[in-house]
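K.L.:
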Amino acid sequence: MKVIGLTGGIGSGKTTVAKQFEALGVPVYIADEEAKKLMNTSKVIKRKLIQLFGNEAYVNNQLNKPFIANIIFNDKTYLQKMNAIVHPRVATHFKKWQSKQNAPYVIKEVAILFENGGHKQCDYVITVIAPKDVRIERLLKRDNTTKERVEAIMKNQWSDDEKIKLSDYVITNITLEDTKNQVSKIHVKIIKSIE
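Residue numbers 1 to 195, in my numbering, belong to the letters of the sequence shown in order.
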């Protein structure tokens, strides 16, 4: 079974693309969602995050996202330390999930696939891109955020050009219909490469 990495900058539309693959019957693993679940359910992760951030890391047994986001926003070393705690457990969780799938390939959607070296564990990589202004507009509509905060996140991610160089496929996600067509074509190519 092949593992296809799916990535793209914040607001590029990774989740939209992932859902389109899912509609074609491809099992999809959304790493960020699974990481969030594990941060609230794994005793090991909880203990280590409390050691890292202090007792305020959890409120009512749930991850205190605003508190942690504020620390990370002001000191990037905390982001690296948190990722070092969470990512290995997400990788283990993914392996278990993958072993239960029955399909020619699975999609693993990871926001920072290249940044954390995860692309090396993938057979192919698909990068989703969209113009910066479109991405910012989407995020301002979707999240309760500011343009400055979005741009700060973008600065922490690799540029589209850097990602494209290491990708096997690129999807330009501007209109839903066009994106759907690109997904279908890539799906056919992947299936043919496996047969």
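Think of the CB as a built atom: it goes at the ideal place given N, C-alpha and C, for glycine as much as any other residue.
Nearest to I107 by CA position, among K95, L140, V86, N116, is which residue?
P.N.:
It is K95 whose Cα lies nearest to the Cα of I107.
K.L.:
Between which two residues does the alpha helix (DSSP H) harbouring V44 extend?
P.N.:
From DSSP, the alpha helix (DSSP H) with V44 extends over 43 to 53.
K.L.:
Starting from the Cα of V150, find the closest Cα among D133, L166, K163, D161 and give me that residue.
P.N.:
The option with the nearest alpha carbon to V150 is D133.
K.L.:
Considering just the uninterrupted stretch of the beta strand (DSSP E) at L6, what are its terminal residues?
P.N.:
Looking at the DSSP string, the run of the beta strand (DSSP E) that includes L6 is 2 to 8.
K.L.:
Please determine if the segment 26 to 35 and the segment 98 to 117 are in contact, where contact requires at least 3 C-beta pairs separated by less than 8 Å.
P.N.:
In short, these stretches touch, since the Cβ pair count reaches three.
K.L.:
Could you please give the first and the last residue of the uninterrupted beta strand (DSSP E) stretch that includes I174?
P.N.:
Premise fails: I174 is in no beta strand (DSSP E) and is neither H nor E.
K.L.:
Closest by CA to L79, which one among N116, R89, A23, V59?
P.N.:
For L79, the nearest C-alpha among the options comes from N116.
K.L.:
According to DSSP, simplified to helix, strand and coil, what is E115?
P.N.:
DSSP places E115 in coil when its eight states are reduced to three.
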